[in-house]
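**Student:** Quick one: structure below, then a few questions.
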Amino acid sequence: MRAFAFALLLGAVLRAEPAMPAESSGRSQPKSESRRCPVVVHDVSGKKHNGWLLTFTDEALELLADSGSSRQWPLREVLQLQFVTRRGDRRLARTGTTEPPLVLLANGDRIRARAIAIRDERLVARWAAYRDSPLLTIPLETVRACLLRRSILSQRRPSVGAGFAEVAVPRADNADLIVLVNGDRMEGELSQWTEEELQIETAVGPATVAASRVVAVAMNPEWISFPDEPARRAILQLSDGSRVTVHKVTLADGD
-1 MRAFAFALLL GAVLRAEPAM PAESSGRSQP KSESRRCPVV VHDVSGKKHN GWLLTFTDEA
59 LELLADSGSS RQWPLREVLQ LQFVTRRGDR RLARTGTTEP PLVLLANGDR IRARAIAIRD
119 ERLVARWAAY RDSPLLTIPL ETVRACLLRR SILSQRRPSV GAGFAEVAVP RADNADLIVL
179 VNGDRMEGEL SQWTEEELQI ETAVGPATVA ASRVVAVAMN PEWISFPDEP ARRAILQLSD
239 GSRVTVHKVT LADGD
């Protein structure tokens, strides 16, 4: 799993964009440094600093410059940390934000993953790009909607793809909403979701639909409850276009 950027919030949400690789100084990196992450630090004064990320904790980050010197910044002095990405990662991020599959959270975050089940009041989803990563489990009350695939209409009219995530997942009105590939809709209370099928209690009785026929699922807004977010938080943008709010960040060994 590759990160694009962290945007550290100081009173406002900042968009994290991919950093372009800096010009090489010709200095070859020792093996111990070549495994570090090339990054760009944007500080509160508006300056940019290129280098190699040495440490990253909840309190500070440390950067190694090409000159061999290192410098540490308290996170309160950092607006944004951008990871230098490969060309393929930049292409993934551009296409991943509106293309299915997507899980849309109540706070505006979006995760490029396919919802496959509900278990113990949690949504289970599988990463679309990071196939070897563990399954995601997300508290169900924080989920606004899930986009599973394109509808027949959008396949015939690909020009609507730019806003497809919002078009295909309308807000439910005091009920859960299932949108099918042919455009049909089913409203009621979602009672079961497995990899094979979804069950919903409608006004005319229970109904079962094959998961392969479902384009999107919108959750009943009356049941959505998202915890208050602290003033100090960060936006993490991954290389697949996923965008999530995080409260604690650390750099794990080898990552």
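Position 40, counted from 1, in the sequence shown is what this note's numbering calls 38; the numbers after and before it change by one each time, with no gaps.
We put the beta carbon where it would ideally sit given N, CA and C, even for glycine.
Just so you know, these numbers come straight off a predicted model, no measurement behind them.
Who are the near neighbours of M217 in its chain, counting only those whose CB is closer than 7 Å to its CB and skipping five residues on each side?
**Tutor:** So the qualifying residues of the chain are V141, R142, A143, A170 and D174.
**Student:** Locate the beta strand (DSSP E) running through L77, then write down its first and last residues.
**Tutor:** From DSSP, the beta strand (DSSP E) with L77 extends over V76 to F81.
**Student:** For G181 versus T200, is the C-beta distance shorter than 8 Å?
**Tutor:** In this structure, T200 does not lie closer than 8 Å to G181 by Cβ.
**Student:** Please report how far the alpha carbon of F81 lies from the alpha carbon of R147, in whole angstroms.
**Tutor:** Their backbone Cα atoms lie some 30 Å apart in a straight line.
**Student:** Quick check on L138: does DSSP put it in helix, strand or coil?
**Tutor:** DSSP places L138 in helix when its eight states are reduced to three.
**Student:** Closest to L121 by C-alpha separation, out of V244, Q235 and W191, would be which residue?
**Tutor:** Cα-wise, what sits closest to L121 is W191.
**Student:** Which class does L73 belong to by DSSP, given the choice of helix, strand or coil?
**Tutor:** Residue state, collapsed to three classes: helix.
**Student:** In whole angstroms, what is the alpha-carbon distance linking V202 and I233?
**Tutor:** Whole-angstrom Cα-Cα distance: 43 Å.
**Student:** Please name the residue, chosen from H245, A209 and E75, that lies closest to G44 on a Cα-to-Cα basis.
**Tutor:** G44 has its Cα closest to that of E75, out of H245, A209 and E75.
**Student:** Measuring CB to CB, does S67 end up less than 8 Å from E60?
**Tutor:** Contact flag unset, no.
**Student:** Could you check which residue in R230, L178 and P225 has the C-alpha nearest to that of A208?
**Tutor:** When each option's Cα is compared against that of A208, the closest is L178.
**Student:** So, is V244 buried or exposed, given that buried needs 16 or more other C-beta atoms within 10 angstroms?
**Tutor:** V244 should be labelled exposed.
**Student:** Is M68 helix, strand or coil by DSSP?
**Tutor:** In the sequence under discussion, the amino acid at residue 68 is Ser, which differs from the Met named in the question. Here S68 sits in strand by DSSP.
**Student:** Pick helix, strand or coil for G86, following the three-state DSSP scheme.
**Tutor:** Since pLDDT at G86 reaches only 49, below the 50 mark, its modelled position is unreliable, and no value is offered.
**Student:** Grab the span of the beta strand (DSSP E) containing I116 for me, first residue to last.
**Tutor:** I116 -> beta strand (DSSP E) spans A111 to R117.
**Student:** Just to check my reading of the structure: L73 and A63 have Cβ atoms closer than 8 Å, yes? What is that Cβ distance to the nearest angstrom?
**Tutor:** At roughly 19 Å, the Cβ-Cβ gap does not stay under 8 Å, so L73 and A63 are not in contact.
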